[in-house]
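Numbering (the working numbering), first residue to last: 1363 to 1891.
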């Protein structure tokens, strides 16, 4: 059945399992004409168009996929909370989504974790059917004494493979892109136990985790796009209330169809019992007809006004079943079925009674499905009060090397002889910038953009580095015209190919995004000095 380390499930033809009580609730009433059936793909059998569904399975288990150009992404929720919301909606149909959100505060993922999306954002997703939720791993600090500590990750974000996450964290350490993280290892058994060791004891656990949330899948964003097929088969994006109301409408339809199915069978049984009651009133005459007449069926029909079905039933009844005790049993069954029939007809004709029965059914279903919430809803920790990540980056001298073909890397210390540097075949040195790991680089492009790169993010100088375009959104037609180390408080001369230029503070040229900062419009950037 697969696992969290990425092992996929075996093909359906190899796996089999016994349905849980919760799964059986989805099938309750399927043999009582609760839903429509259609032919299977090979016309050899029939399959239900939709399951009766004793609880709101679509929201409870969630769903995601793409088909015919339409995508859906519905997160799983706590079944107990959903049923509670349904009960409130049954009692007060005018209940708003905001009120329902106090009962269903957010998704509840089977792998746990902490949802750090704000309440307003989740409410907006429930109102519109579109949005998303940020989900973080659950972690705790383990004190090892003498000021030494480590992070223990106990719950993973939904659909994140543990093995791939560990590989990604190891790559961050190797490429020096996670300066606060010293080591990572997996001590998981049946439970999750991922060990994260800090670079040194002076680092605060919160700022370490905040940095890893940004750099890895310890935090993921689960998109919400509640695109579903409604009762008419039309694709629609529904909010939380509309989804729950659609489920209640479906349950009402299932209840009425099962009621009509039961009415039909009770009426058939009462019809047969009425024939038996006539027999008991004229038992001696019936026995004589059966013994003496050549065609007793026709005589019974003519003599007592029985229908053909009743006559066949009487003739198929054994003589010992016509005893006085059996007569009392038949009268009791006739009375009970008549009362049940009256109740069913009243229910079918009364939406209020239907609502009460649906509520009773949901309360019964709630007991086996009730379980504590696994995903905690919390606001993201404000890391602004902690020291910035850059404060923990060790200050080491490096030399940044950029080749003509755009490959960038950082060599330790100072490069004494640039001629000894090695490049890919056909490539050569373009820029050589001595700096420190705590500094930022300004990269100027010919299209008038200036990009900012953290020196600590660069690949080591052992190999050929990595393409600069992986780190910045550089236009295909643009060329690099200069690269230099940023000096806080300094000034630079920006010149264009048309011969114009200006002096700008370096701090104003820093870009926060991969797209860089546009400093020249309508002209080509020649250089910055």
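We put the CB at the ideal spot given by N, CA and C, even for glycine.
In the three-state scheme derived from DSSP, where H, G and I count as helix and E and B as strand, residue 1707 is classed as helix. If you draw a straight line from the Cα of residue 1481 to the Cα of residue 1467, it is about 8 Å long.
As computed with DSSP, residue 1802 is found in a beta bridge with 1816. Just measuring C-alpha positions, the residue of 1549, 1855, 1535 sitting nearest residue 1560 is 1535. Taking 8 Å as the upper bound for CB-CB distance, residue 1517 and residue 1475 are in contact here, some 5 Å apart.
The bridge partners DSSP lists for residue 1795 are 1762. Less than 8 Å divides the Cβ of residue 1792 from the Cβ of residue 1764. Contact between the stretch 1533-1553 and the stretch 1581-1595 is absent, with fewer than three C-beta pairs closer than 8 Å.
The beta-carbon distance between residue 1863 and residue 1855, rounded to whole angstroms, is 6 Å. This is short enough to meet the 8 Å contact definition. A Cβ-Cβ distance of about 5 Å is found for the pair residue 1818 and residue 1755, placing them in contact under the 8 Å criterion. The Cβ-Cβ distance between residue 1438 and residue 1424 falls below 8 Å. Residue range 1602-1643 is occupied by the alpha helix (DSSP H) that includes residue 1631. When only Cα atoms are considered, residue 1627 and residue 1409 end up about 23 Å apart. Here the C-alpha atom of residue 1824 lies approximately 43 Å from the C-alpha atom of residue 1493. When 1853, 1868, 1390, 1377 are compared, the shortest CA-CA separation from residue 1619 is found for 1390. Taking all protein chains shown into account, residue 1403 has fewer than 16 neighbouring C-beta atoms within 10 Å of its C-beta and is therefore exposed.
Counted as a single uninterrupted DSSP element, the alpha helix (DSSP H) harbouring residue 1423 occupies residues 1419-1423.
As the crow flies, the alpha-carbon of residue 1563 is around 11 Å from that of residue 1570. For residue 1599, DSSP records a beta bridge to 1589.
A buried status is given to residue 1469, since no fewer than 16 other beta-carbon atoms sit within 10 Å of its beta-carbon.
Excluding residues up to 5 positions away in sequence, 1481, 1484, 1485, 1488, 1602 lie with their Cβ nearer than 8 Å to the Cβ of residue 1463 in the same chain.
Put simply, of 1634, 1393, 1646 the residue whose alpha carbon is nearest the alpha carbon of residue 1693 is 1634.
CA-to-CA, the gap between residue 1608 and residue 1868 works out to about 58 Å.
DSSP places residue 1774 outside any alpha helix (DSSP H); the residue lies instead in the beta strand (DSSP E), whose first and last residues are 1769-1774. Under the three-state reduction of DSSP output, residue 1727 falls in the helix class. DSSP places residue 1867 in the strand class (E or B) of the three-state scheme.
In the three-state DSSP reduction, residue 1467 falls in the coil class, being neither helix nor strand. Cβ contact annotation for residue 1807 (same chain, cutoff 8 Å, sequence separation greater than five): 1813, 1836, 1837, 1840, 1841, 1842, 1843, 1878, 1887, in chain order. Cβ-Cβ distances below 8 Å link residue 1700 to 1632 in the same chain, with the five nearest sequence neighbours on each side left out; the list follows chain order. Nearest C-alpha to residue 1883 among 1811, 1850, 1616: 1811. Rounded to whole angstroms, residue 1443 and residue 1465 show a C-alpha spacing of 6 Å.
DSSP lists 1805 as the bridge partner or partners of residue 1845.
Within the same chain, Cβ atoms closer than 6 Å to the Cβ of residue 1621 are found at 1706, 1709, 1710, the five residues on either side in sequence being excluded.
For residue 1375, the closest alpha carbon among the candidates 1727, 1513, 1363, 1381 is that of 1363. If you compare the alpha carbons of 1432, 1799, 1703 with that of residue 1596, the shortest gap goes to 1432. Check the Cα spacing between residue 1367 and each of 1555, 1797, 1460: the tightest is with 1555.
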